Structures are given as structure tokens and as C-alpha cells.
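Residue numbers (my numbering): 40 to 283.
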């Protein structure tokens, strides 16, 4: 699992640098094996990034953000069973394919069934994120064909998900959804580290921008990119967890 997390983040850098994705397979990643499993510490992560920096012009800011993101994603993975969830029982008691309430942020979590290559086809380079529409049977999300208003089938589409609810008011949620609708058909953004553009979007950048334009910055570390896991912070509440 951790090895795939690292490979995915490095893939993000390679794609952002216009390097062919297939070249990732050739990377030798210095992952330390402990107790027959993979583990990573900050020095290991630093060595991994340094290896990539030798062949790519990666700024210190991007390097720091990748290391931070790797470690945060690994922390979530390791503490999955103990994540604090303020359960919205309406969601747990509901049935059908759709899940979530208007404005909720949906995150597809790293899992054997939510694989890295599938994450890319989902519309992200790391994992995937979307926002529930005012009609909760729909979601606003970004795929390679751009921003779309699609069927909310997240309960059945992915086996392992989190639902986050921004700690804000109904007016902000309404504004975020309305802004999202104005960006339907906006093209896909392959430059992960250009989150401020509004002419193109990747999945988590789009969700972030919808709320940012309404006065709420949900980027956990305020970096050059915004990844799906960056929405897990004191500004949101986990209201639903699915999968083991």
C-alpha cells in the first residue's frame, strides 16, 4: 500500500513535468522493508524525492509538499480504523448508489480496489474527489473530459471512501455548488502544481476552488497543489466512512 502511495505521488510529478507515465515503472524507489512489509520514514521519503530531483527540475516548495502529502496519506492509511467519524446516520441508513448531502466532499481512498491507475482514469493523479450537487443524486467532478455533472454512484463505484462536510453555512455551500455549475465542461488540468488557474481543473483543485471562491480555503497545507486528502483538516468533519 505505502509503495503504491509513493509511486502515485511520483507519477504526479512526472506527469506535471510532461514526462511519459510509463517511465515511472523504470524508477527504483528506495522503500525500506520492515517485518515483511513496506514502511517509510521522513528520511526515506526525502531520499525518494531526491532521486527524482536528480532528473527533474523540482523546486524545494514542490519537494516539501510531496513529502508532506506522502506522509499524511500514509498516516491516514495506518490509522484508518481509528479515524474520528461524526457519523451522519442519514447516510449510514440510506440505500442505493448515491451517497452524501449537498456540498459534501467525496474522497476515493487508496485501496486495493481503488488502484493508482484507476485513480488516473477517475480524474486525479493521487486519489479522486468530488462534490455532491444540490440534487444529491448528482455530483460535480472532474475527469479527463473536464468538469462534469454526473450520476452520484459513489457508494457502489468505489469500495473505500470518505465523506467530508465543510464546517460552514448553507449560503457558502450553495455558492460553492453554483460556482461549480458555471465551470461545467471546463477542460482538465494536467499541471497539479498550478491550482490557482480557473481555466482548467483537476478533481481536488475544482472542489477546492468552488469553496475558495466563496470564502473558504480548504487546502490543509496551503501548498502549490491541492490533493484530495488535503480536505481532511479542522475545517471539515468526516461524516461517513466506507470500506476497511
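Beta carbons: idealized from backbone N, C-alpha and C, even for Gly. Keep in mind that this is a model prediction, so the values were computed, not measured.
Distance from the CA of residue 122 to the CA of residue 263, rounded to the nearest whole angstrom, comes to 27 Å. A direct Cα-Cα distance of roughly 32 Å separates residue 228 from residue 135.
DSSP links residue 181 through a beta bridge to 186.
With contacts defined as CB atoms closer than 8 Å, residue 116 and residue 149 qualify as a contacting pair.
In this structure, 109 is the residue among 219, 109, 223 with its C-alpha nearest to the C-alpha of residue 267.
Apart from the 5 residues on each side of it in sequence, residue 243 sits with its Cβ closer than 6 Å to the Cβ of 168, 265, 266, 267 in its chain, given in chain order.
The C-beta distance from residue 124 to residue 280 rounds to 5 Å, short enough to fall under 8 Å. Residue 109 carries a helical assignment under DSSP once its states are collapsed to helix, strand and coil. Contact between residue 216 and residue 139 is ruled out by a C-beta separation of about 12 Å, above the 8 Å threshold. By the C-beta criterion, the region 203-211 is judged to be in contact with the region 252-261, since at least 3 inter-stretch pairs fall below 8 Å. Around the beta carbon of residue 170, 16 or more other beta carbons sit within 10 angstroms, so the residue counts as buried. A distance below 7 Å between beta-carbons, with the five flanking residues on each side excluded, links residue 175 to the following residues of its chain, in chain order: 137, 139, 140, 141, 191. Around the beta-carbon of residue 261, fewer than 16 other beta-carbon atoms lie within 10 Å, marking it exposed.
Membership of residue 167 in the beta strand (DSSP E) is indicated by the continuous run 167-171.
Between the beta-carbon of residue 185 and that of residue 225 there is about 6 Å, and that keeps the pair under the 8 Å contact cut. Buried is the label assigned to residue 250, since at least 16 other Cβ atoms lie within 10 Å of its Cβ. Distance from residue 130 to residue 278 at the Cβ level is roughly 7 Å; contact confirmed, criterion being Cβ atoms closer than 8 Å.
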